[in-house]
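-15 is the number of the first residue of the sequence shown in the working numbering; add one for each residue after it. Step one of this worksheet: look at the structure below.
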Amino acid sequence: MKGQVKKALYPSPTPSPARGEGKIETWRFSLTLPADIMVIMAHPDDAEFGIAGTIACWTGSGKQVVYVVCTSGEKGTTDIKMKAEKLAQIREKEQVNAAQVLGVRKVVFLRYPDQGLEDAPEFRKQIVRQIRAYRPHTVVTSDPYRRYVWHRDHRIVGQVVLDAAYPFARDHLAYPDLLEEGFQPHKVRELLFWAAESTNCKYDVTKTFEKKIAALRCHKSQIAEMKKPELEQWLRERCREMAQGENYELAEAFYRVELPE
């Protein structure tokens, strides 16, 4: 039974549908249990690079965390022999493995095209569907307002998630077809944005930093060309900088927004 449960929560990635269809496997909406926290990212590995230490803190304290991955990152390679469909399958598997390391309950792949996300009603509806399905107290995503050098997909995801959480997920007249599918309105209580240029919220990740690194190591297709000691040192220095002024060594920082009723 234990093995069967694990398979249900973390199924082996299946061949992706045509890019741009944004299709989701039907099992993901059956017997959905609410989650405390939903992390919505553009690509596999975004959460591990940015906030895996915090995620490990949440799951370690008993919080139920769900990932929503908007693309499969099928353009994220310098290997000219690599095909997009193969890389998508590799990266989805890597993301599932990383989520298991961190204790994330479920990973949902939306499979929109990498480098092709748009602030469009259909994409927003998919995010609203996820929020209404899992009914999280907190939604976490990339900051949409970071200036200059910032992946376009990260900006788009941040903006779409902000709009989806408030007001679209809350209002029953927004996407009425979702009501027909059984997705009732839900009020998200707070948003946390990572990689924000201005932050107002920190988490102590001193004790979970090694788990962050362990999760990041699952993304072999992305870090294989990096020198691991230098990568780990760079991440440690970033977390040390974010902890300045606090009575702990390492932190991950966010911009926190409390949403209105």
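Ideal placement from N, C-alpha and C gives every residue a C-beta, glycine not left out.
Within the continuous beta strand (DSSP E) that includes residue i, where are the two ends?
i	result
Thr246	In this structure the chain extends from -15 to 245, so residue 246 is not present and cannot be described.
Ser205	Premise fails: Ser205 lies in the alpha helix (DSSP H), 204 to 207, not in any beta strand (DSSP E).
Ile24	21 to 25
Thr122	122 to 126
Could you give the DSSP three-state label for residue i: helix, strand or coil?
i	result
Val189	coil
Arg240	strand
Gly229	coil
Leu157	coil
Phe33	helix
Phe167	coil
Leu234	coil
Gly4	The pLDDT assigned to Gly4 is 46, lower than 50, so where the model puts this residue is not dependable, and the model offers no usable value.
Leu17	coil
Arg95	strand
Ile64	coil
Lys211	coil
Lys59	coil
Glu216	helix
Gly100	coil
Pro151	helix
Arg201	coil
Gly46	coil
Arg12	Caution applies to Arg12, whose pLDDT of 39 falls short of 50 and renders its modelled position unreliable; the value that the coordinates give is listed next. Helix at Arg12.
Less than 8 angstroms between the beta carbons of residue i and residue j, yes or no?
i	j	result
Thr38	Val189	yes
Thr55	Asp20	no
Glu236	Tyr187	yes
Arg89	Val49	yes
Tyr118	Pro18	yes
Tyr51	Val92	yes
Tyr132	Phe177	no
Thr192	Ala68	no
Glu233	Arg224	yes
Gln168	Arg136	no
Ile200	Glu32	The question names Ile, but residue 200 is Leu in the sequence shown. In contact: Leu200 and Glu32 (Cβ atoms closer than 8 angstroms).
Tyr211	Val85	In the sequence as presented, Tyr is not what sits at residue 211; that position holds Lys. In this structure, Val85 does not lie closer than 8 angstroms to Lys211 by Cβ.
Since residue i is in the alpha helix (DSSP H), which residue starts that stretch and which ends it?
i	result
Thr183	Premise fails: Thr183 is in no alpha helix (DSSP H) and is neither H nor E.
Val141	136 to 147
Lys109	105 to 118
Per DSSP, what are the beta-bridge partners of residue i in this structure?
i	result
Val88	DSSP, once it has assigned bridges, lists no residue as partnering Val88.
Leu175	Val123, Val241
Tyr132	In DSSP, Tyr132 forms no bridge with anything.
Run the proximity test for residue i: is its beta-carbon closer than 7 angstroms to any non-hydrogen atom belonging to the ligand SAH?
i	result
Leu175	This structure lacks the ligand SAH; in fact it carries no ligand of any kind.
Examine the Cβ distances between the stretch 141 to 157 and the stretch 200 to 208 and report whether three or more of them are shorter than 8 angstroms.
No: fewer than three Cβ pairs fall under 8 angstroms.
Determine contact between the stretch 207 to 226 and the stretch 92 to 106, defined as no fewer than three beta-carbon pairs at a distance below 8 angstroms.
Not touching, per the Cβ criterion.
Three or more C-beta pairs closer than 8 angstroms, one from the stretch 112 to 128 and one from the stretch 137 to 145: is that the case here?
By the Cβ rule, the stretch 112 to 128 counts as touching the stretch 137 to 145, because three or more pairs are nearer than 8 angstroms.
Inter-stretch contact at 8 angstroms, needing at least 3 Cβ pairs: the stretch 177 to 187 / the stretch 70 to 78
Contact between the stretch 177 to 187 and the stretch 70 to 78 is absent, because fewer than three Cβ pairs lie under 8 angstroms.
Three-pair Cβ contact test at 8 angstroms for the stretch 169 to 178 versus the stretch 226 to 243
Contact holds: three or more Cβ-Cβ distances are below 8 angstroms.
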